[in-house]
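In our numbering, the protein residues as written are 260 to 614. So the structure is just underneath, and the comments pick up after that.
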């Protein structure tokens, strides 16, 4: 009887500690996955299944421990529930301990474990490993349910049994989906933006012909241009065919800004890389390393131009095409003076990596 009570205390402590540690581990994983540039597939499903499964498994395992503790003088708990409690305690503990131990073993710097940021999780993980090992010992020592003539096995109420199996199914589904999500890699929300800033040198109407992004996969003007609108000043515009190729024709008498932004869906690493370079410019005169020269037309002299195209894969790369002139107006965009008639303007291409 004394052994039974001590075994029961160990299993209850492991059950509660393992449930809390599993919940902390899963919450940390979900938070990091959410904050990561881009995101992992099926994250909303994981947010529902993983914490729900952990909480329900912990609660129903505890209910079963209470039942067997009161219903029998010999039985601590069925071995299946004991194994489940042990796994719930050992799994997060080993993950946490390995996460903080492997870098120390690799670099040989044990001083990191003395810092609270490293030391506290390391201690929590080791406590879980000790409790998990004690639970395993208790399971091996318990006196399992025996059948004697005329005596039925101990069975909790059917809702407890069904609840535990449902909890295990929810948690298992969450773990499988999380594993598939991590193995498939993150996805990013891709976005493309096109912006033109124009200023005329006279009070009369000036006509501009400007390059537009071309989707090379279909050989047509990129659909981001469907979102183009005048956001500052007044101007009339349309897409025209010129001798140099497709062009954005803009007619204005003063300063104006035209802008277009479009979300292009979620894409993984490889798909995102392919998408990142799927656009090119119309009216290309030549490409020299990372510098593009494009044809521009202005019907009057002394006009100015600023043009920018940016493509963000939502994970770690931002590709930009920016007009390059002699008068920088900020660190990223440049204002280019224009002559009357057709001329070439340089666009600098840059790739910014972020994390």
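The beta carbon of each residue, even a glycine, is placed where N, CA and C say it ideally should be. Every value quoted in this text rests on a predicted model; they were computed, and no experiment measured them.
### Inside the region 453 to 531 only - beta strand (DSSP E) runs reaching at least 3 residues
Runs found: 465 to 469, 472 to 474, 488 to 492, 495 to 501, 504 to 511, 515 to 526.
- Message: Let's test the definition: count the other Cβ atoms within 10 Å of the Cβ of residue 500 and tell me whether it reaches 16, buried, or not, exposed.
- Response: exposed
**Message:** Report the CB separation of residue 429 from residue 301 in whole angstroms; it is logged as a contact under 8 Å.
**Reply:** No, residue 429 and residue 301 are not in contact; Cβ-Cβ is about 14 Å, not under 8 Å.
| request: Take residue 543 and list the residues in its own chain whose beta-carbon comes closer than 7 Å to its own, dropping the five residues that flank it on each side. | output: 551, 553
Query - Three-state secondary structure assigned by DSSP to residue 403 - result: In this predicted model, residue 403 has a pLDDT of only 49, less than 50, meaning its place in the structure is not dependable enough to derive any value.
| query | For residue 450, which three-state DSSP category applies? | reply | strand
Spatial neighbours of residue 525 in its chain, beta-carbon cut-off 7 Å, leaving aside the 5 residues before and after:
446, 447, 448
**Request:** Can you give me the Cβ contacts of residue 481 inside the same chain, cut-off strictly under 6 Å, excluding the 5 residues immediately before and after it?
**Result:** 472, 474, 538
- Query: Does the count of Cβ pairs from the region 338 to 346 and the region 455 to 462 closer than 8 Å reach three?
  - Reply: Taking one beta carbon from each stretch, the region 338 to 346 and the region 455 to 462 have fewer than 3 pairs nearer than 8 Å; the two do not touch.
Kindly list the residues whose CB is nearer than 6 Å to the CB of residue 566, restricted to its own chain and excluding five residues on each side of it in sequence; keep chain order. For residue 566, where only same-chain residues beyond five positions count, the Cβ hits under 6 Å are 455, 582.
Which of helix, strand or coil does DSSP assign to residue 612? strand
**Asked** If you run the structure through DSSP and keep just helix, strand and coil, what is residue 434?
**Response** helix
Supposed close pair residue 570, residue 578 - CB separation, criterion 8 Å: Correct: roughly 5 Å between the Cβ atoms.
Throw me the rounded Cβ distance for the residue 556 and residue 601 pair, which I believe falls under 8 Å.
About 5 Å separates the two Cβ atoms, so the contact holds.
query = DSSP on residue 348, reduced to helix/strand/coil?
reply = helix
| field | Helix, strand or coil at residue 574 [DSSP, three-state] | value | coil
>> Could you check whether the region 481 to 493 touches the region 606 to 614, counting it as contact only if at least three pairs of C-beta atoms, one from each stretch, sit closer than 8 Å?
In response: no
Cut-off 6 Å between Cβ atoms - residues of its own chain near residue 476, not counting five sequence neighbours on either side: 537
* Which residues bound the alpha helix (DSSP H) around residue 325? -> First-last of the alpha helix (DSSP H) with residue 325: 302 to 330.
Next item on the list: Classify residue 534 as buried or exposed, calling it buried when 16 or more other Cβ atoms lie within 10 Å of its own Cβ.
Entry: Answer is buried; the Cβ neighbour count reaches 16.
Whole angstroms are fine: how far does the CA of residue 531 sit from the CA of residue 562? 37 Å
| message | Could you pull the DSSP bridge partners for residue 534 from this structure? | response | Per DSSP, residue 534 has no beta-bridge partner at all.
| query | CB residue 313 to CB residue 393, shorter than 9 Å? | reply | no
- Would you report the Cα separation of residue 357 and residue 280, rounded to the nearest angstrom? 15 Å
Exercise for review: Can you give me the Cβ contacts of residue 328 inside the same chain, cut-off strictly under 7 Å, excluding the 5 residues immediately before and after it?
Suggested key: Annotation for residue 328: 267 place their beta carbon closer than 7 Å to its own, counting only its chain and skipping 5 residues before and after.
- Are residue 453 and residue 519 touching if we call contact CB-CB under 9 Å? The answer is yes: Cβ separation under 9 Å.
> Which word fits residue 420, buried or exposed, when buried means at least 16 other C-beta atoms lie within 10 angstroms of its C-beta?
Replying inline: exposed
Exercise for review: Would you identify the three-state DSSP class for residue 561, choosing helix, strand or coil?
Suggested key: coil
Any idea what DSSP makes of residue 356, helix, strand or coil?
-> Residue 356 falls in the helix class under three-state DSSP.
**Item:** Beta-bridge pairing of residue 393 - partner residues as DSSP gives them
**Value:** Partner(s): none; residue 393 has no beta bridge.
In the DSSP assignment, find the beta strand (DSSP E) that holds residue 335 and state where it starts and stops. Residue 335 -> no beta strand (DSSP E), and no H or E assigned at all.
So, is residue 507 buried or exposed, given that buried needs 16 or more other C-beta atoms within 10 angstroms?
buried
Q: Would you decide whether residue 613 is buried or exposed? Buried here means 16 or more other CB atoms lie within 10 Å of its CB.
A: exposed
query: Given that a residue counts as buried once 16 or more other Cβ atoms are within 10 Å of its Cβ, and exposed if not, what is residue 285?
result: buried
| said: Using only the alpha-carbon positions, how far apart do residue 603 and residue 515 sit? | reply: 21 Å
Ignore the nearest five residues each way along the sequence and tell me which others in residue 384's own chain have a CB closer than 6 Å to its CB. 352, 355, 356
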